[in-house]
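Below you'll find the structure, written out as structure tokens, and then a few comments.
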Amino acid sequence: MGLLSTVFGILCGFLNSIFSLFAFGIGTSVGLVIGYYAFINALPTDVEDVKVCPLVEDDLETLQRLIPEIPLWVKNPDFDRVDWLNKFIENMWPYLDRAICATAKNIAKPIIDEQTPQYKIQSVEFETFTLGTIPPTFQGMKVYTTDDKELIMEPSIKWAGNPNIIIAVTAYGLKATIQVLDLQVFGIPRITLKPLVGIFPCFASIFVSLMNKPHVDFGLKLLGVDLMAIPGLYRFVQELIKDQVANMYLWPQALEVQIMDPEQALKRPLGILDVTVVRAVKLQRKDLLGKSDPYVKLNLREEKVAFKKTTVKRSNLNPEWNEEFSFVIKDPATQVLELRVYDWDQVGTHEEMGLNVVPLKDLTPDEPKVLTLVLLKTLNPNDPQNDKPRGQLVIELVYKPFKEDEMLDDIDDSGMMEKAPEGTPAGGGLLVIIVHEAQDLEGKYHTNPHVRLLFKGEERKTKRIKKNRDPRWDEEFQFRLEEPPTNDRLHVEVYSTSSRIGLLHSKESLGHVSINLVDVVHNRRVNEKYQLIDSRNGRVQIELQWRT
Numbered sequence: 001m002g003l004l005s006t007v008f009g010i011l012c013g014f015l016n017s018i019f020s021l022f023a024f025g026i027g028t029s030v031g032l033v034i035g036y037y038a039f040i041n042a043l044p045t046d047v048e049d050v051k052v053c054p055l056v057e058d059d060l061e062t063l064q065r066l067i068p069e070i071p072l073w074v075k076n077p078d079f080d081r082v083d084w085l086n087k088f089i090e091n092m093w094p095y096l097d098r099a100i101c102a103t104a105k106n107i108a109k110p111i112i113d114e115q116t117p118q119y120k121i122q123s124v125e126f127e128t129f130t131l132g133t134i135p136p137t138f139q140g141m142k143v144y145t146t147d148d149k150e151l152i153m154e155p156s157i158k159w160a161g162n163p164n165i166i167i168a169v170t171a172y173g174l175k176a177t178i179q180v181l182d183l184q185v186f187g188i189p190r191i192t193l194k195p196l197v198g199i200f201p202c203f204a205s206i207f208v209s210l211m212n213k214p215h216v217d218f219g220l221k222l223l224g225v226d227l228m229a230i231p232g233l234y235r236f237v238q239e240l241i242k243d244q245v246a247n248m249y250l251w252p253q254a255l256e257v258q259i260m261d262p263e264q265a266l267k268r269p270l271g272i273l274d275v276t277v278v279r280a281v282k283l284q285r286k287d288l289l290g291k292s293d294p295y296v297k298l299n300l301r302e303e304k305v306a307f308k309k310t311t312v313k314r315s316n317l318n319p320e321w322n323e324e325f326s327f328v329i330k331d332p333a334t335q336v337l338e339l340r341v342y343d344w345d346q347v348g349t350h351e352e353m354g355l356n357v358v359p360l361k362d363l364t365p366d367e368p369k370v371l372t373l374v375l376l377k378t379l380n381p382n383d384p385q386n387d388k389p390r391g392q393l394v395i396e397l398v399y400k401p402f403k404e405d406e407m408l409d410d411i412d413d414s415g416m417m418e419k420a421p422e423g424t425p426a427g428g429g430l431l432v433i434i435v436h437e438a439q440d441l442e443g444k445y446h447t448n449p450h451v452r453l454l455f456k457g458e459e460r461k462t463k464r465i466k467k468n469r470d471p472r473w474d475e476e477f478q479f480r481l482e483e484p485p486t487n488d489r490l491h492v493e494v495y496s497t498s499s500r501i502g503l504l505h506s507k508e509s510l511g512h513v514s515i516n517l518v519d520v521v522h523n524r525r526v527n528e529k530y531q532l533i534d535s536r537n538g539r540v541q542i543e544l545q546w547r548t
């Protein structure tokens, strides 16, 4: 993160320099090019080779010149040696290069779009953006401990890299390419992780600032001409970038990268909400035969957690469930329980039959409450569609606040994780796979998708949904295992099949992905959208749970 902020700061300063240079106009640029060639022709040609001499103990002058190159962990006992980190970055650099460049471009784009109009520049685009093959080196790291919930680190970074950054600038109908190469950056950023919380990754935000002006040196070519060789321009650009970076990130200024909502992260669980879905009465007829196949979805509104749902009751307008669910409550004064009733369909999307909500502030702690909710079309009280009868839903609620000695700091944010059923092997558990939905599927001959799961030689399939590029299944599959699947993978493939007789391509793959299961074992729950391989834009959302 320190390297990313440094690169981003230099990039912003560099772009501001570019915009300033363009403001000089075309005439100034021509004069600089002429000065460059005059300067090059005047350079001496009789340059002597560098002499290498041995270092002797009484050569104090040479020792003093070497002091700035000695790592900080040698000169300063406050800095720790971090050779392990340098080895890690060396091995990970090809992947870090791509990730840092992509993040820097995403952060820089809105800033560029905001700055270009005032300089009459039509567009600024990155034609090439790579940090090269040489990783940065950490000369040492200082770590501070404070009474606040934060972790402060100051790594000493030296990077003499071989990046290749080519930026195309279009102004007044003319296009010019600017190349940045041979970049050197020496600096000590302060990285603060705060606030520290009991939810992975254990901090809510990252703050990055610079403790002093960084040393920045680089080559700059405009239309193939080395601008840094022009007398006076090298020092002007270098100081300009230092000032721009310092104005933005010199301590106490800081670049903030938010990892999670700090207010939500700092909220401690205050209690448990137990919900029993008892029954529904007088539901609407949705099927052709005058029946419906209802089920209920429950979730806490505006919370990024998975919903819970009851079983499906086939051909029943007055179903009884008596199924129990639990939710972790962090703010009973503002949280709201939402319930939606759906009609399950084997083909196509499931149709919503009605909904309603229960504000938790209306519940008395430790007091069971039975509610009969009138199912509505929308939550708008003035919507005339709510006048149509859609049935009722009977539920039982009880909010159980924790006592002071029962407060939980690190409870799963997705709600109470259900335990594996009785009979699960000791040391093993239950792997739950929920196939939620897919998006932007595209078949060459037809798009009637279903999902095929392959795990340990077993195959499971979802239902087929006809003519739908954005299908939703919400189907759950379970595998009882004797040991955690830390070394196993789940293969997911989306297929499209057609029942038309005589069709040459009756089955085709819409994409696939292989998921490593080690994360779900460690985190207990993973709910992500995966990009499908061999698909242009297709994605599939898979939720994984490991219950013990």
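In UniProt numbering, the protein residues as written are 1 to 548. From the three backbone atoms N, C-alpha and C, an ideal C-beta is built for every residue, glycine too.
Cβ-based burial, residue i [other Cβ within 10 Å; buried from 16]
i: residue 327; result: buried
i: residue 438; result: buried
i: residue 310; result: buried
i: residue 247; result: exposed
i: residue 514; result: exposed
i: residue 445; result: exposed
i: residue 172; result: exposed
i: residue 546; result: buried
i: residue 174; result: exposed
i: residue 165; result: buried
i: residue 146; result: exposed
i: residue 473; result: buried
i: residue 389; result: exposed
i: residue 374; result: exposed
i: residue 343; result: buried
i: residue 507; result: exposed
i: residue 379; result: exposed
i: residue 253; result: exposed
i: residue 427; result: exposed
i: residue 340; result: buried
i: residue 106; result: exposed
i: residue 350; result: buried
i: residue 609; result: The displayed coordinates of the chain run from 1 to 548. Any statement about residue 609 would go beyond what the structure contains.
i: residue 369; result: exposed
i: residue 214; result: buried
i: residue 448; result: buried
Reduced DSSP category for residue i - H, G, I as helix; E, B as strand; rest coil
i: residue 153; result: strand
i: residue 226; result: strand
i: residue 350; result: coil
i: residue 444; result: coil
i: residue 389; result: coil
i: residue 335; result: coil
i: residue 287; result: coil
i: residue 541; result: strand
i: residue 384; result: helix
i: residue 361; result: helix
i: residue 253; result: coil
i: residue 413; result: Any answer about residue 413 is weak, because its pLDDT of 45 lies below 50 and its placement is not dependable; what the coordinates show is given next. Residue 413 falls in the coil class under three-state DSSP.
Where the alpha helix (DSSP H) through residue i begins and ends
i: residue 234; result: 233–249
i: residue 519; result: 518–523
Extent of the continuous beta strand (DSSP E) run through residue i
i: residue 107; result: That residue, residue 107, is in no beta strand (DSSP E); its alpha helix (DSSP H) goes 83–115.
i: residue 141; result: 137–144
i: residue 127; result: 121–130
i: residue 166; result: 164–171
i: residue 439; result: 429–439
i: residue 322; result: 320–329
i: residue 478; result: 472–481
i: residue 497; result: 489–497
i: residue 194; result: 189–196
i: residue 297; result: 294–300
### Task
Decide yes or no for the touch test of the segment 492–499 against the segment 444–461: beta carbon pairs closer than 8 Å, at least 3 of them.
yes
### Message
Quick check: the segment 283–295 against the segment 243–260, are at least 3 beta-carbon pairs closer than 8 Å?
### Response
no
### Query
Is it true that the segment 103–113 meets the segment 150–163, where meeting means three or more beta-carbon pairs spaced less than 8 Å apart?
no
### Query
Would the segment 321–335 and the segment 429–443 be scored as touching if the rule is three or more Cβ pairs under 8 Å?
no
### Task
Check whether the segment 88–97 touches the segment 124–136, counting contact only when three or more Cβ pairs, one atom from each stretch, lie closer than 8 Å.
yes
### Query
So does the segment 272–287 actually touch the segment 353–363, counting three or more Cβ pairs closer than 8 Å?
yes
### Inter-stretch contact at 8 Å, needing at least 3 Cβ pairs: the segment 358–367 / the segment 381–400
yes
### Query
Would the segment 463–479 and the segment 512–527 be scored as touching if the rule is three or more Cβ pairs under 8 Å?
no
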